[in-house]
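*Asks:*
In our numbering, the protein residues as written are 48 to 607.
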């Protein structure tokens, strides 16, 4: 917008247009530019600020950036009030505020540091550094809040990329204007523009590939974000050296120094703030599928299934990339200590390919029947009764995981794994070496999680056959929380619920699904047994916390 406005004003000056015509002539061009670029918040903000600037000058009124910025925001919100929740709106105004409020003091401070450079080089270098730095400082909390990342390379990236973007825009406008006069000349300019664009894209790719170019982090607390912006308010005073550190017997500007120290303490504390001595189990809402995250008191993370939408095995895009990964990043998960794939169906394992590319994984577990050739078996399913083959995409997934150095282990009944201190898991099903005649659902890993006095059972998609064998073996099935088998379908043995005797049942199921899940008979059974039921289609994500004694449930609809 700065280039467009500057070009228009320069053209009018070149044509010696009367000053009184500047605002009336510029305004429709700026509005047309906004329409042509899609009316996104950043463009609208810059257009409204430019209009306010030229009309204030036209009417002989004083101009100041806080009033102009606030009035531009007011106009946009009067037009579309809900824009206030738009990340683009917030980022645009935050970046502009940062440049206008923080830019001048940062420029002056950096210019002082660069006094050794010849002539105006120090001032130019200071300005080039201060503008992107100011914008980045002002948007860090918002980027962390919405996208759970920070990019340490954004400052050098802006220093290199912004001049190229300005050149691309200038050449594009020049080609558009000169093309009206002589088309071959526009083609020649566009060829040069294409070269600059290729250079820009290559630069972006290079910076993106640098180690640590993107750092993912948990959503910052509101208090920390407020403290960050409070700290930014101190920068002009700090840059002008009006604030000094305390000296014995006397303090200068105690409030500002105290605020700065408080902000520093918050920044130091935040990465190490944790959930104390609680086990947290997240039943993530992935639609018609399963994905469960277990977080131990010691900070270990186990993910049971990854969700999966239709065609996600082939496209690599769906629940894993759009739901599970953002959810994990939002709560600060950076690695997966254990990944459990209960069985090879897409609605349970479809998101795994994306997740293993995005998070380090220490260990993966899958049922023997899903891993041909393990433990001397060709399959964990009886033949020829069962005709359901292991999806080729799942086999490729396992191969790709092993190629990344992720150990993929076949797990069966009786296997145990200590996760963290008092937290352990036991595999209840399937029995290694025993086949199932009714499909891949029945080779689902059934996992029992123990933490002090509390127990969870996760059943995958185990159906009647697997449930029956589990009951026949007489294993201890008592648990406080039961993840209902197969999305609460009618393939449920009442005896299973009677043996488990859960306080809470969680049904992971998609809203308005075409499978009839959960079955009315299942809901009736749970009601008769006095079980408290939570459903991801109605409650969203279900989060259960326990200190090993009590249970607390949080959902999108409240805390229970």
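Even for Gly, the Cβ is constructed at its ideal location relative to N, Cα and C.
Closest by CA to residue 269, which one among 441, 100, 192?
*Replies:* The count along the chain shown starts at 1 and reaches residue 269 at position 222. The shortest C-alpha separation from residue 269 is found at 192.
*Asks:* I'd like the list of long-range same chain contacts for residue 261, defined as Cβ closer than 7 Å, with 5 residues on each side in sequence excluded.
*Replies:* Within the chain shown, the letter at position 214 stands for residue 261. Excluding sequence neighbours, residue 261 sits near 196, 198.
*Asks:* Can you tell me which of the three DSSP states residue 422 falls into?
*Replies:* For the purposes of this step, residue 422 is taken as the residue at position 375 of the chain shown. Because residue 422 carries a pLDDT of 48, less than 50, the predicted location of this residue cannot be relied on, and the following value inherits that uncertainty. In this structure, residue 422 counts as helix in the three-state DSSP scheme.
*Asks:* What would DSSP say about residue 185, mapped onto helix, strand or coil?
*Replies:* Along the chain shown, read from residue 1 onward, the residue named residue 185 stands at position 138. It is helical.
*Asks:* Within 10 angstroms of its Cβ, does residue 496 collect 16 or more other Cβ (buried), or is it exposed?
*Replies:* Counted from its first residue, the chain shown places residue 496 at position 449. Buried, by the Cβ-count rule.
*Asks:* Taking 8 Å as the cut-off, does the region 541-551 touch the region 511-527 (at least 3 CB pairs, one atom from each stretch)?
*Replies:* yes
*Asks:* So, under 8 Å CB-CB, residue 458 and residue 437 are touching, yes? Tell me the CB distance rounded to an integer number of Å.
*Replies:* In the chain shown, the residue the question calls residue 458 occupies position 411. In the chain shown, the residue the question calls residue 437 occupies position 390. Contact doesn't hold; Cβ gap of about 16 Å is too wide.
*Asks:* Could you tell me if residue 361 is buried or exposed, where buried requires 16 or more neighbouring beta carbons within 10 angstroms of its beta carbon?
*Replies:* Sequence index remark: in the chain shown, residue 361 carries index 314 (1-based). Taking every protein chain shown into account, the CB of residue 361 has fewer than 16 other CB atoms within 10 angstroms, so this residue is exposed.
*Asks:* Whose C-beta lies closer than 8 Å to the C-beta of residue 572 among residues of the same chain, with five residues either side of it excluded?
*Replies:* Residue numbering aside, residue 572 sits at position 525 when the chain shown is read from its first letter. Result list for residue 572: 539, 541, 544, in chain order.
*Asks:* Go ahead and pull the three-state DSSP assignment for residue 614.
*Replies:* Limits of the chain in this structure are 48 at one end and 607 at the other, which puts residue 614 out of reach.
*Asks:* Take the Cβ of residue 83 as the centre, count every other Cβ of all protein chains shown within 10 Å, and call the residue buried at 16 or more, exposed below.
*Replies:* In the chain shown, the residue the question calls residue 83 occupies position 36. Answer is exposed; the Cβ neighbour count stays below 16.
*Asks:* Could you name the residues that DSSP lists as bridge partners for residue 392?
*Replies:* Counted from its first residue, the chain shown places residue 392 at position 345. Beta-bridge pairing links residue 392 to no other residue.
*Asks:* Below 8 Å, can you find three or more Cβ-Cβ pairs linking the region 251-265 to the region 370-381?
*Replies:* yes
*Asks:* In terms of DSSP beta bridges, what is residue 476 paired with?
*Replies:* One-based indexing of the chain shown puts residue 476 at position 429. DSSP output for residue 476 lists 493 as bridge partner(s).
*Asks:* Using 8 Å for Cβ pairs, my map puts residue 186 next to residue 215. What's the rounded Cβ distance?
*Replies:* Within the chain shown, residue 186 is the residue found at index 139, counting from 1. Within the chain shown, residue 215 is the residue found at index 168, counting from 1. The pair is not a contact, with the Cβ atoms about 23 Å apart (cut-off 8 Å).
*Asks:* If the criterion is Cβ atoms closer than 8 Å, does the pair residue 502 and residue 535 meet it?
*Replies:* Numbered from its first residue, the chain shown carries residue 502 at position 455. Numbered from its first residue, the chain shown carries residue 535 at position 488. At the C-beta level, residue 502 and residue 535 stay beyond 8 Å of one another.
*Asks:* Rounding to the nearest angstrom, what Cα-Cα distance links residue 356 and residue 372 in this structure?
*Replies:* In the chain shown, counting from the first residue as 1, residue 356 sits at position 309. In the chain shown, counting from the first residue as 1, residue 372 sits at position 325. Their Cα atoms are separated by approximately 14 Å.
*Asks:* On the CB-based measure, 16 or more other CB atoms within 10 Å of its CB, does residue 106 come out buried or exposed?
*Replies:* Position 59 of the chain shown, counting from 1, holds the residue named residue 106. Exposed, because fewer than 16 other Cβ atoms sit within 10 Å of the Cβ of residue 106.
*Asks:* Quick one: measure Cβ to Cβ for residue 282 and residue 492, integer angstroms, because I've assumed they're closer than 8 Å.
*Replies:* One-based indexing of the chain shown puts residue 282 at position 235. One-based indexing of the chain shown puts residue 492 at position 445. The Cβ separation is near 54 Å, so there is no contact.
*Asks:* What is the C-beta distance between residue 471 and residue 463, in whole angstroms, given that I count them as a contact (C-beta under 8 Å)?
*Replies:* The count along the chain shown starts at 1 and reaches residue 471 at position 424. The count along the chain shown starts at 1 and reaches residue 463 at position 416. The Cβ separation is near 6 Å, so the contact holds.
*Asks:* Buried or exposed: where does residue 581 fall if 16 or more other Cβ atoms within 10 Å of its Cβ makes it buried?
*Replies:* To locate residue 581, count along the chain shown from 1; it is residue 534. It counts as buried.
*Asks:* Threshold first: 3 residues or longer. Then list the beta strand (DSSP E) segments lying entirely within the region 535-603, N to C.
*Replies:* 551-554, 579-582, 589-593, 598-602
*Asks:* If you measure between the beta carbons of residue 81 and residue 94, is that distance less than 8 Å?
*Replies:* For the purposes of this step, residue 81 is taken as residue 34 along the chain shown, with counting starting at 1. For the purposes of this step, residue 94 is taken as residue 47 along the chain shown, with counting starting at 1. A contact, by the Cβ cut-off of 8 Å.
*Asks:* Could you check the C-alpha separation between residue 487 and residue 467 for me, to the nearest Å?
*Replies:* The residue labelled residue 487 in the question sits at position 440 within the chain shown. The residue labelled residue 467 in the question sits at position 420 within the chain shown. If you take the alpha carbons of residue 487 and residue 467, they lie about 31 Å apart.
*Asks:* Using 8 Å for Cβ pairs, my map puts residue 352 next to residue 364. What's the rounded Cβ distance?
*Replies:* As a working note, residue 352 is residue 305 in the chain shown. As a working note, residue 364 is residue 317 in the chain shown. The Cβ separation is near 18 Å, so there is no contact.
*Asks:* Within 10 angstroms of the Cβ of residue 92, are there 16 or more other Cβ atoms? Answer buried if so, exposed if not.
*Replies:* Within the chain shown, numbered from 1, the residue matching residue 92 stands at position 45. Residue 92 comes out buried.
*Asks:* Check the DSSP bridge columns for residue 263 and list the partner residues they point to.
*Replies:* To locate residue 263, count along the chain shown from 1; it is residue 216. For residue 263, which the question treats as bridged, DSSP gives the partners 196.
*Asks:* How many angstroms separate the CA atom of residue 385 from the CA atom of residue 344?
*Replies:* Residue 385 sits at position 338 when you count from the first residue of the chain shown. Residue 344 sits at position 297 when you count from the first residue of the chain shown. Approximately 15 Å, taken between the alpha carbons.
*Asks:* Looking at the unbroken beta strand (DSSP E) that takes in residue 504, where does it start and where does it end?
*Replies:* As a first step, residue 504 must be located in the chain shown, where it is residue number 457. From DSSP, the beta strand (DSSP E) with residue 504 extends over 501-505.
*Asks:* How far does the beta strand (DSSP E) with residue 509 in it reach, from first residue to last?
*Replies:* The residue labelled residue 509 in the question sits at position 462 within the chain shown. Looking at the DSSP string, residue 509 is not in any beta strand (DSSP E), and its letter there is neither H nor E.
*Asks:* Determine whether the beta carbon atoms of residue 498 and residue 326 lie at a separation below 8 Å.
*Replies:* Residue numbering aside, residue 498 sits at position 451 when the chain shown is read from its first letter. Residue numbering aside, residue 326 sits at position 279 when the chain shown is read from its first letter. Going by C-beta atoms, residue 498 is nearer than 8 Å to residue 326.
*Asks:* Among the residues of its own chain, which have a CB less than 6 Å from the CB of residue 176, if the five just before and after it don't count?
*Replies:* Numbered from its first residue, the chain shown carries residue 176 at position 129. Excluding sequence neighbours, residue 176 sits near 157.
*Asks:* Which whole runs of the beta strand (DSSP E) in the region 333-363 are 3 residues long or more, in chain order?
*Replies:* 339-342, 348-351
*Asks:* Could you tell me which residues DSSP puts in a beta bridge with residue 467?
*Replies:* Taking the chain shown and counting its residues from 1, the one referred to as residue 467 is at position 420. Looking at the DSSP assignment, residue 467 forms a beta bridge with 470.
*Asks:* Below 8 Å between beta carbons: does that hold for residue 515 and residue 389?
*Replies:* Position 468 of the chain shown, counting from 1, holds the residue named residue 515. Position 342 of the chain shown, counting from 1, holds the residue named residue 389. Against a cut-off of 8 Å, the Cβ pair of residue 389 and residue 515 comes out as no contact.
*Asks:* Just the C-alpha distance for residue 259 and residue 248, rounded to the nearest angstrom, thanks.
*Replies:* Position 212 of the chain shown, counted from the start, is the residue given in the question as residue 259. Position 201 of the chain shown, counted from the start, is the residue given in the question as residue 248. One C-alpha to the other measures close to 19 Å.
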